[in-house]
């Protein structure tokens, strides 16, 4: 048995949209997996879209995520809990704590348990962006395909069993026809049904909320902090009009 | 001689920062190159950083750019006049008119007049992001290097001759030591000194403001409009909290 | 309203094949889109294939394009009006004026109005070369597919309505089955039917002749000239046997 | 505060070389960071090189790693504690538990806390392989360089202060001259000095042993298991000559 | 007519598996194509899998290949005769003679006679690894697809006519549906049926055994030897436990 | 000892420039390495540049290479003996025999004997094109650099000892400063000094003439012919003006 960690770990979970029911569901998922002594709080986004389906929604959300991290600086690590990771680079300039996005975390995790994975998303309009995210993660050749449910973010989760059935159906097709060995569920709203999908399809599945929280913990516990130099250095002291400037905590 | 175009072209120039002197300087550059019958107006960003040096600044600016395009829909094309192209994909969802970013336009143009180019930016913190932009533009193998002046956006332009001398010095070094054949000046604030740098260094130089405006005109005149399907489809009708939702013009 | 450009713009259009009817059709397309004061002339290729379907045809045509630019040096910019851009790099060594290829121009343009595009070509033998051109343009991940009509260059254009119907049919399939948001018509001979295809399929379409001419104008008007250093420097003074050497205008 | 995990986590640490002092040092590092309730055991490699400097050494070690996982199947996760990750894919066929390599874990972690990192290795002969590993991790454009100490594996660790000074010196050069924001120490033997290097250079540093163990825990706790389908399916029942066949636990 | 080579060429063929019937079949193929004066011997692998279907099999085989080259150093060149090229880099450290893998040789050869090829393998589990090999060979964009027979290594060769029929059927499908112009038969055991498949499908086919042996001869005859510097330098003098160390011949 | 090949091998060597002294020197190199029974003839290019330094020279030469292969169809294989491989794809449409370029052959060969190589060329203007050729060969990450002598093609070869000294000096620098393990001499005119350079620098060196001829032999002897389908199918029957059309032999 190892020693207990030197002190408690406190994670800030940022739901980039304003749907508080989704926030609560993700907090529960995270609280259920953090090591003993770990805690998670919601870091509130003040305003913006109630769900994020478009790049316009994401642009607004990214600015709010940056503001939220800036205004609530006391956590050991942050988790941006929307699969598109809005505001990730901006947030890393605003805190020395590690900042993890659930999209990047899901891709890093799936690549360690399978050789080829499929990505399941909500609407077809998001396919191009997810293909670019897979490319940015360096995993293009390991992605068997990106498939869309045709069902929006707002109808994801345990309360929508039909959506879950459709995810399972698409997952089976990805394995049988495209040769996928694992699934990435590309929506924070799918966090409550991940295990169910994995069991039904018979391959590993992740949506990044659970593994993203544990990744944030891992970075923190290994002593890694966001670099204060180079691209993630604290913002320059630029004057802002109509809103307060950013300064790094 | 060709026929006159069927009607006047009206370009919306969006300066993503709130520095109105920069806006005025860029409007002058654009007005000086548009074909007869073309006109350019500033599309105002309501608030945010007075210059954009960090990803946090850019995240705020991107949201404001999206809002500006949404709220001022009557132009034939839009030009986002900051080299990082903040809000470009979001803006394309919000209008059927072509939307051009000066960064993407500068890379497309330089690739047609030279085989290897160097990029000159303001601060070293921006190097990583520009390297990613070169990669995204598919031009990694044609980029001889990204060099930083160590001088912020706010000290760029014709009013800062020492900055211009430093750009020329870096440009010469890029050609002699790195084998560059052309220069990309990666800051909208450099638009007034581009010609001077090109002449002093003896290679083509662009910063994207002039060629970006002409590219927007070219897309429009060729009958190209932003696709209304797929990734650039108008935003879904998502409810927003604390601000109005987006709907595509 | 902006000032008129300092003087008229004169574009040299090079049809790399010897089909003068195609040349005339493309001249008309270009003349219809150039800004007021702009003019276009044909720069004649003396001999070679009447259409370009193979790499052997293209090799002959490339040499003729280089010769044509060399022998007719007085234009402000040149447009190589065959989708494979034969002789493009060679031509750039032979003139200080910008040289644009319709293939490269079409790819650069479509990437600014859509996130994923499909390419429609004449014969299946050209698919591999077009895939390489997409890769060279840095747009591999944004290309939904390259589809062949199975109809040669010589049967393209407004005089072949059945060909146009087939283009429309392939275009619809590319959008519905492959997720394309826009079309690139990869043959100069399709320049007269581009608008018709775009309207029928309901997405942006380009074949590069119109937007290529406007791009050449844009480079020129922005003051960009082909770099005289590095890879595009004027040819070395090499003796030739059986034909005159090249010297840069 | 969260619930305790349902039961203890038991990690198998595989040192692919036969240097038991290195094994002991890495066990101590891992034991020091695992969450409460977690434990780590050495999974012994029977024979082979006492350190791994060449591909020939690595080939032998990879076969021994596969054998060790096969013969000691009872762990919740495995960590292959040599930076080249020898035998990683083979081991994943031989167990349903997650298998993490410290090289892949270090690259995944550093990419979440910095935008550009440098890699410090032991001998120059390893540079090419590490460059390929960076490429395989999809991080080529974020790697500022791979630098060699010119000091072998056997002279790494807290007992060799001169080596540590040399790592610090190289790390500073990587930041100042190459623009690195973080360091990857590419040798399991450097696990005891990582923190010292990070503090001296002033940027995040990782060598993968600590963060790799925590990553293995994270995968396990998030319910992810190595896929039993596709490329990581249990080995086919092939007869072996001169040694026992593999069968998946 | 040219002079005879200065002395006879002697190739060492290493079958990484222990199936001596396969070894004999491949020796016959090689002996049939080597230039006059050339000879081929089997370099025996002492133990390990009787065929190689998994990465665990390949890990064991790679170590045995390295050992075999080390222990039988007198050849002018070596051919590793399993499509996955197990132990290739390790073997290159252990001899100054050129070492060729049949996989790498097959890819290099097919790229010189066709623009797009398909790869036919034994089991679906190998698809991911072959896709990575195509990528490593720099030929991703020229590979039309990797198709699996669903028939193991042990049932390949002239003694299994049904397997050959299935290869032909898959090959035809690859040409008709995927646009392949040539086939790569990705298994050393297919060496005896390559010509039959090529004739039946009507496109070039290779499995690397014949062309790999001739490539090894070509490297040797052109005076090329494995580099003794950098990544392929002889192994460091590392002590081994339980087996002899490697030293380069 | 193996059987003699069924009949003599007859290689057509195409020097794309009109310098007959270079042709003679390369014929001698090739004749010295071909297996017993092999013969080489020059396939004459009628006209064009006496050496190839620019893309304009290469465009003319490519058309002449295609014509030469078309007009002299009786060889078992062809070797295009200029490092830029002018007309390679065109020539492959015009013959069923394998066609090898010395550039592609040199890259394929060096990748089998070293992990990182440097390329030495004549003039700096060729660097960008060689970097693209390395990328097209899929070897970007294995190329330590492309270095220019600043000495034209016409002053290469055994008659220019000062040039040879300069090659050796650059080669040493490439190994010491850039970490190269091998050299590619990127000019057919260097074929007579390759061995001397290799010995002086102490690493493998190739310029492709010798290994290219042996590669052409290897493809032929292994039964590989240029694919008659897809991209290398015989040219379409296109009418030509001012010169005869191509038809495949």
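Residue numbers (my numbering), protein chains in the order written: chain F, 1 to 249; chain W, 1001 to 1249; chain H, 2001 to 2249; chain D, 3001 to 3249; chain C, 4001 to 4249; chain B, 5001 to 5249.
A virtual CB, placed ideally from N, CA and C, is assigned to each residue, including glycine.
As the structure is a computational prediction, the values presented were derived from the model and not from experiment.
message: I want to see whether chain H comes within less than 7 Å of residue 44 of chain F, judged by CB atoms only; does it?
response: Start at 1 with the first residue of the first chain, and residue 44 of chain F comes out as number 44. It does not: the Cβ of residue 44 of chain F has no partner Cβ on chain H nearer than 7 Å.
query: For the alpha helix (DSSP H) that residue 2082 of chain H lies in, which residues bound it at each end?
result: Residue numbering aside, residue 2082 of chain H sits at position 82 when the third chain is read from its first letter. Note, residue 2082 of chain H: premise wrong, no alpha helix (DSSP H); not H, not E.
- request: Could you check the C-alpha separation between residue 142 of chain F and residue 68 of chain F for me, to the nearest Å?
  value: For the purposes of this step, residue 142 of chain F is identified with residue 142 of the first chain, where counting begins at 1. For the purposes of this step, residue 68 of chain F is identified with residue 68 of the first chain, where counting begins at 1. So the alpha carbons of these two residues sit roughly 34 Å apart.
- prompt: If you count every other CB in all the chains shown that lies within 10 Å of the CB of residue 2023 of chain H, and 16 or more means buried, which is it?
  reply: Translated into positions along the third chain, residue 2023 of chain H becomes position 23. Its Cβ being crowded by 16 or more others within 10 Å, residue 2023 of chain H is buried.
query: How would you write the range of the alpha helix (DSSP H) that residue 1034 of chain W sits in, first residue to last?
result: Here residue 1034 of chain W refers to the residue found at position 34 when the second chain is read from its first residue. From DSSP, residue 1034 of chain W is part of no alpha helix (DSSP H); its letter is neither H nor E.
- prompt: Under 7 Å between the Cβ atoms of residue 4065 of chain C and residue 4084 of chain C?
  reply: Here residue 4065 of chain C refers to the residue found at position 65 of the fifth chain. Here residue 4084 of chain C refers to the residue found at position 84 of the fifth chain. In this structure, residue 4084 of chain C does not lie closer than 7 Å to residue 4065 of chain C by Cβ.
query: Looking only at C-alpha atoms, which of D:3181, D:3194 and D:3124 sits nearest to residue 3960 of chain C?
result: Beyond the ends of chain C as shown, which are 4001 and 4249, falls residue 3960 of chain C; an answer cannot be given.
- request: Please check if any C-beta of chain H sits within less than 7 Å of the C-beta of residue 5190 of chain B.
  value: Along the sixth chain, read from residue 1 onward, the residue named residue 5190 of chain B stands at position 190. By this cut-off, residue 5190 of chain B is not an interface position.
Rounded separation between residue 3119 of chain D and residue 1110 of chain W - CA only: One-based indexing of the fourth chain puts residue 3119 of chain D at position 119. One-based indexing of the second chain puts residue 1110 of chain W at position 110. Taking the straight line joining both Cα atoms gives about 33 Å.
message: So that I know if they touch, is there some Cβ in chain H lying closer than 7 Å to that of residue 128 of chain F?
response: By 1-based counting over the first chain, the position of residue 128 of chain F is 128. Closer than 7 Å: yes.
query: Counting pairs of beta carbons, one from the stretch 1151-1158 of chain W and one from the stretch 1172-1183 of chain W, are three or more of them closer than 8 Å?
result: Verdict: no, contact absent.
query: DSSP puts residue 3206 of chain D in a beta bridge; with which residues?
result: Here the question's residue 3206 of chain D lines up with position 206 in the fourth chain. In the DSSP output, where bridge partners are listed per residue, residue 3206 of chain D has D:3184.
Extent of the continuous beta strand (DSSP E) run through residue 10 of chain F: For this step, residue 10 of chain F is matched to residue 10 along the first chain. Segment 9-14, the beta strand (DSSP E) holding residue 10 of chain F.
- request: May I have the straight-line CA-CA distance separating residue 3003 of chain D from residue 1051 of chain W, to the nearest angstrom?
  value: Along the fourth chain, one-based indexing puts residue 3003 of chain D at 3. Along the second chain, one-based indexing puts residue 1051 of chain W at 51. With a pLDDT of only 49 at residue 3003 of chain D, under the threshold of 50, the placement of this residue in the model should not be trusted; the figure read from the coordinates follows. Residue 3003 of chain D and residue 1051 of chain W have their C-alpha atoms spaced approximately 47 Å apart.
message: On the criterion of 16 or more Cβ atoms from any shown chain inside 10 Å, does residue 5195 of chain B qualify as buried, or is it exposed?
response: To locate residue 5195 of chain B, count along the sixth chain from 1; it is residue 195. Residue burial annotation: residue 5195 of chain B is exposed, with fewer than 16 other C-beta atoms found within 10 angstroms of its C-beta.
field: Contact residues within the stretch 30-61 of chain F, judged by C-beta distance below 8 Å to chain C
entry: Those residues of the stretch 30-61 of chain F that come within reach of chain C (Cβ to Cβ, closer than 8 Å) do not exist; the list is empty.
message: Just to confirm before moving on: does the CB-CB distance between residue 3148 of chain D and residue 3121 of chain D stay below 7 Å?
response: Along the fourth chain, one-based indexing puts residue 3148 of chain D at 148. Along the fourth chain, one-based indexing puts residue 3121 of chain D at 121. Taking 7 Å as the Cβ cut-off, residue 3148 of chain D and residue 3121 of chain D qualify as a contacting pair.
message: Is the separation between the beta-carbon of residue 2102 of chain H and that of residue 2189 of chain H shorter than 7 Å?
response: Residue mapping note: residue 2102 of chain H aligns to position 102 of the third chain, counting from 1. Residue mapping note: residue 2189 of chain H aligns to position 189 of the third chain, counting from 1. No.
message: Residues of the stretch 4177-4202 of chain C in Cβ contact with chain H at a cutoff of 7 Å, in chain order, please.
response: Result list: 4179.
field: Three-state secondary structure (DSSP) of residue 4226 of chain C
entry: Locating residue 4226 of chain C in the fifth chain gives position 226, where the first residue counts as 1. Here residue 4226 of chain C sits in coil by DSSP.
field: Residues that residue 5234 of chain B contacts on chain C, provided the C-beta gap is smaller than 8 Å
entry: As a working note, residue 5234 of chain B is residue 234 in the sixth chain. Result: empty, since nearest Cβ-Cβ is about 13 Å, beyond 8 Å.
query: Taking the C-alpha atoms as reference points, what is the distance between residue 5193 of chain B and residue 4223 of chain C?
result: What you label residue 5193 of chain B is simply residue 193 of the sixth chain in a count that begins at 1. What you label residue 4223 of chain C is simply residue 223 of the fifth chain in a count that begins at 1. When rounded, the distance between both Cα atoms is 13 Å.
field: Cβ-Cβ distance between residue 1238 of chain W and residue 49 of chain F below 7 Å
entry: For the purposes of this step, residue 1238 of chain W is taken as residue 238 along the second chain, with counting starting at 1. For the purposes of this step, residue 49 of chain F is taken as residue 49 along the first chain, with counting starting at 1. Yes. Within cutoff.
- prompt: How many Å lie between residue 2043 of chain H and residue 5245 of chain B at the Cα?
  reply: Start at 1 with the first residue of the third chain, and residue 2043 of chain H comes out as number 43. Start at 1 with the first residue of the sixth chain, and residue 5245 of chain B comes out as number 245. Their Cα atoms are separated by approximately 23 Å.
task: Could you please tell me which residues of the stretch 3148-3177 of chain D, in chain order, have their CB closer than 9 Å to any CB of chain W?
output: Here the close residues number zero.
- prompt: Can you list, in chain order, the residues of the stretch 5219-5232 of chain B whose Cβ is nearer than 7 Å to any Cβ on chain C?
  reply: Residues of the stretch 5219-5232 of chain B with a Cβ closer than 7 Å to any Cβ of chain C, in chain order: 5219, 5221, 5222, 5223, 5224, 5225, 5226, 5227, 5229, 5230, 5231 and 5232.
Rounded separation between residue 2034 of chain H and residue 1231 of chain W - CA only: The sequence position of residue 2034 of chain H within the third chain is 34, counting from 1. The sequence position of residue 1231 of chain W within the second chain is 231, counting from 1. In a straight line, the C-alpha of residue 2034 of chain H is about 31 Å away from that of residue 1231 of chain W.
- prompt: Who are the near neighbours of residue 5191 of chain B in its chain, counting only those whose CB is closer than 6 Å to its CB and skipping five residues on each side?
  reply: Counting from one through the sixth chain, the residue named residue 5191 of chain B turns up at place 191. So the qualifying residues of the chain are 5026, 5029, 5207 and 5209.
field: Own chain partners of residue 5139 of chain B with C-beta closer than 7 Å, once the 5 adjacent residues on each side are dropped
entry: Indexing the sixth chain from 1 puts residue 5139 of chain B at position 139. Only 5107 and 5111 meet the Cβ criterion.
query: Of the choices H:2059, H:2014, H:2126 and H:2045, whose alpha-carbon is the least far from that of residue 2186 of chain H?
result: Counting from one through the third chain, the residue named residue 2186 of chain H turns up at place 186. Comparing Cα positions, the closest option is H:2126.
message: Please return the same chain residues whose Cβ sits closer than 7 Å to the Cβ of residue 146 of chain F, not counting the five positions on each side in sequence.
response: Mapped onto the first chain, residue 146 of chain F falls at position 146. If we look at residue 146 of chain F and ignore the five residues flanking it on each side, its Cβ neighbours are 119, 121, 127, 130 and 131.
- prompt: If you scan the stretch 2104-2143 of chain H from start to end, which runs of the alpha helix (DSSP H) of 4 or more residues do you find wholly inside it?
  reply: Those alpha helix (DSSP H) runs which fall completely within the stretch 2104-2143 of chain H and span 4+ residues are 2127-2136.
field: Pairwise C-alpha distance: residue 4220 of chain C and residue 5012 of chain B
entry: Translated into the one-based positions of the sixth chain, residue 5012 of chain B becomes position 12. Translated into the one-based positions of the fifth chain, residue 4220 of chain C becomes position 220. Taking the straight line from one Cα to the other gives about 22 Å.
- request: Identify which residue in H:2165, H:2184 and H:2113 has its Cα closest to the Cα of residue 1215 of chain W.
  value: Along the second chain, read from residue 1 onward, the residue named residue 1215 of chain W stands at position 215. The residue among H:2165, H:2184 and H:2113 with its C-alpha nearest the C-alpha of residue 1215 of chain W is H:2113.
- request: Go through its chain and collect everything with a Cβ distance to residue 2090 of chain H's Cβ below 6 Å, but skip five positions before and after it.
  value: For the purposes of this step, residue 2090 of chain H is taken as the residue at position 90 of the third chain. Excluding five sequence positions before and after residue 2090 of chain H, the CB atoms of its chain that fall closer than 6 Å to its own CB belong to 2066, given in chain order.
field: Cβ neighbours of residue 5061 of chain B in the same chain (closer than 8 Å, five flanking residues each side left out)
entry: Within the sixth chain, the letter at position 61 stands for residue 5061 of chain B. Cβ neighbours of residue 5061 of chain B beyond the five flanking positions: 5016, 5017, 5045, 5048, 5049, 5052, 5082, 5086 and 5087.
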